[in-house]
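Engineer: In my numbering, the protein residues as written are 44 to 437. Ideal Cβ positions, reconstructed from N, Cα and C, are used throughout, including at glycine.
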Ligand SMILES: *Cc1c(COP(=O)(O)O)cnc(C)c1O
């Protein structure tokens, strides 16, 4: 097994956690499509496996691969990103409190506020870019901080190292959802986080063809607890999904480089467009936390948020007129997507909260894919032109 931490990211992406199959020499980790394993004698297992909810060789290879990429000692995979998130919440007990970023992923918000709240776990929303607000929200009942950075859709960047110091001095677990940045651009464990969470559905999978999640940690104690939850709650991924993800991580570094390169060009182009009011992209100097992004990330990612000049009608027209940018929820695939958070991904956020977060009717989110960037820009130009021609323009 290649577990040389001195090797580069690309080498580890392709090799970590994987060996040629001992029985055939197959270079790709086989899909061990089995639920159970024959025992030599009652209770005497042949290798490490007795039942596939507990562990499976294909899943084990993926868990080792993802752990390596995050610089973690341990990895666990789940059936979805929210299944991974809920495994972390199962660490808590009734009466505990969680400090949650104010514009976390909608499904995370729903899980905390509408499922675990009923089990007596209280959620307090905090703007994680405001460290004083975070300190003020701390009390002895707080057991977990759940942080996303960059956030969705306004791409706010929180200082992971600073949040981690506050967490440590209050004896609170810090979990960071690293889905937007991926381990290629940001490693929260190295900045002091206790747990990293991923929706592998997005960039890690990268091909819009599977749902999955993962948790990575360096703590033996947290790993043992989370592994027990994985086994006991049972939200494990299917083995074919694990195989697809092992295939995906082999190109993660190449895809991320192109996502970043394309997004930077699209963001600059939009930023100079007369019909665009404002562009949010961590790589633009106008981004409020641009300096922090430079410090804590090795690239600025593939997500762009833009405010079109106009309102709901203009936005709708733009989304109806892109041809390459498909109008769809989700993100992080090789193909470009465009979506309208107020109507689509963030429709369940109450209007007052949407307004407070800046999710207005002219806000549009782009997941910039790895197509040829000139074609992407031409597609956007065409769609913005259509909004002007519709006469609804400002
Ligand atoms: C999609 C997403 C999730 C949830 O993951 P699923 O795989 O859809 O369950 C969690 N966090 C972020 C940031 C996401 O984008």
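Nearest to residue 163 by alpha carbon, out of 137, 375, 404 and 68?
Structural biologist: The shortest Cα separation from residue 163 among 137, 375, 404 and 68 belongs to 137.
Engineer: Measuring straight from C-alpha to C-alpha, what distance separates residue 252 and residue 413?
Structural biologist: Distance between the alpha carbons of residue 252 and residue 413: 16 Å.
Engineer: Residue 121 bridges to which residues according to DSSP?
Structural biologist: Paired residues: 256.
Engineer: Which term fits residue 223, buried or exposed, when burial requires 16 or more other beta carbons within 10 angstroms of its beta carbon?
Structural biologist: The residue in question, residue 223, is buried, as its Cβ has 16 or more Cβ neighbours within 10 Å.
Engineer: Sorted by chain position, which residues of the same chain lie with C-beta nearer than 6 Å to residue 305's C-beta, five sequence neighbours on each side aside?
Structural biologist: Closer than 6 Å at Cβ, skipping near neighbours: 411 and 416.
Engineer: Just the C-alpha distance for residue 72 and residue 262, rounded to the nearest angstrom, thanks.
Structural biologist: The straight-line gap from Cα to Cα measures roughly 27 Å.
Engineer: Only counting runs of 4 or more residues, tell me where the alpha helix (DSSP H) segments fall wholly within the stretch 184-251, in order along the chain.
Structural biologist: For the stretch 184-251, whole alpha helix (DSSP H) runs of length 4 or above, ordered along the chain, are 203-212 and 225-228.
Engineer: Since I believe residue 341 is in contact with residue 228 (beta carbons under 8 Å), could you give me their beta-carbon distance rounded to a whole number of angstroms?
Structural biologist: Sure, about 5 Å apart at Cβ, within 8 Å.
Engineer: Per DSSP, residue 350 forms a beta bridge with which residues?
Structural biologist: 321 and 406, per the DSSP bridge assignment.
Engineer: Which value, in whole angstroms, describes the spacing of the CA atoms of residue 181 and residue 145?
Structural biologist: Distance between the alpha carbons of residue 181 and residue 145: 15 Å.
Engineer: Are there 16 or more other CB atoms within 10 angstroms of the CB of residue 113, so buried, or fewer, so exposed?
Structural biologist: With 16 or more other Cβ atoms within 10 Å, it is buried.
Engineer: Got a sec, what are the start and stop residues for the alpha helix (DSSP H) residue 400 sits in?
Structural biologist: Here the alpha helix (DSSP H) through residue 400 covers 394-400.
Engineer: Here's a check: name, in chain order, each residue in its chain whose Cβ is nearer than 7 Å to the Cβ of residue 170, leaving out the five neighbours to either side.
Structural biologist: So the qualifying residues of the chain are 145 and 176.
Engineer: Helix, strand or coil for residue 386, going by three-state DSSP, please let me know.
Structural biologist: In this structure, residue 386 counts as coil in the three-state DSSP scheme.
Engineer: Using the three-state DSSP reduction, which class does residue 79 fall into: helix, strand or coil?
Structural biologist: Note: residue 79 maps to strand in three-state DSSP.
Engineer: Tell me the DSSP secondary structure of residue 12 in three-state form.
Structural biologist: Here the chain covers residues 44 to 437 and nothing more, so residue 12 does not appear.
Engineer: Can you give me the C-alpha to C-alpha distance between residue 230 and residue 424, rounded to a whole angstrom?
Structural biologist: About 35 Å.
Engineer: Note down, in chain order, each residue of its chain lying with its Cβ closer than 6 Å to the Cβ of residue 64, except the 5 sequence neighbours on either side.
Structural biologist: Only 73 meet the Cβ criterion.
Engineer: So residue 330 is in the beta strand (DSSP E); what residue range does that whole segment cover?
Structural biologist: From DSSP, residue 330 is part of no beta strand (DSSP E); its letter is neither H nor E.
Engineer: Helix, strand or coil: how does DSSP classify residue 57 here?
Structural biologist: Three-state result, residue 57: helix.
Engineer: Do residue 308 and ligand 1 come close, with the Cβ less than 8 Å from some heavy atom?
Structural biologist: Residue 308 Cβ: outside cutoff for every heavy atom of ligand 1.
Engineer: With distances taken Cα to Cα, identify the nearest neighbour of residue 151 among 183, 126, 357 and 332.
Structural biologist: Selected option, being the one with the closest Cα: 126.
Engineer: Applying the 10 Å Cβ sphere with the 16-neighbour rule, what's the burial state of residue 393?
Structural biologist: Residue 393 is exposed by the Cβ-count criterion.
Engineer: Can you grab the Cα-Cα spacing for the pair residue 96 / residue 90, in whole Å?
Structural biologist: Distance between the alpha carbons of residue 96 and residue 90: 16 Å.
Engineer: From residue 215 to residue 205, what does the alpha carbon distance come to, in whole angstroms?
Structural biologist: Distance between the alpha carbons of residue 215 and residue 205 is about 13 Å.
Engineer: With a 10 Å radius around its C-beta and 16 neighbouring C-beta atoms as the bar for buried, classify residue 379 as buried or exposed.
Structural biologist: Residue 379 comes out buried.
Engineer: To the nearest angstrom, how far is it from the Cα of residue 408 to the Cα of residue 122?
Structural biologist: C-alpha separation (whole angstroms): 26 Å.
Engineer: Name the DSSP beta bridge partners of residue 88, please?
Structural biologist: Per DSSP, 82.
Engineer: In the DSSP assignment, the alpha helix (DSSP H) including residue 357 goes from what residue to what residue?
Structural biologist: Segment 355-364, the alpha helix (DSSP H) holding residue 357.
Engineer: Given a threshold of 16 other Cβ atoms within 10 Å of its Cβ, counted over all protein chains shown, does residue 188 qualify as buried or as exposed?
Structural biologist: It is buried - the Cβ of residue 188 has at least 16 other Cβ atoms within 10 Å.
Engineer: With a cut-off of 8 Å on the beta carbons, I'd call residue 236 and residue 212 a contact; round off their distance for me.
Structural biologist: Not quite, the Cβ-Cβ distance comes to about 15 Å (not below 8 Å), so this is no contact.
Engineer: With a threshold of 8 Å, establish whether the CB of residue 128 neighbours any heavy atom of ligand 1.
Structural biologist: True, at least one ligand heavy atom lies under 8 Å from that Cβ.
Engineer: Since residue 260 contacts residue 56 with CB under 8 Å, what's their CB separation in whole angstroms?
Structural biologist: Not quite, the Cβ-Cβ distance comes to about 20 Å (not below 8 Å), so this is no contact.
Engineer: How do the stretch 370-386 and the stretch 264-273 stand: do at least 3 beta-carbon pairs fall below 8 Å, yes or no?
Structural biologist: Output reads no: the stretch 264-273 does not touch the stretch 370-386.
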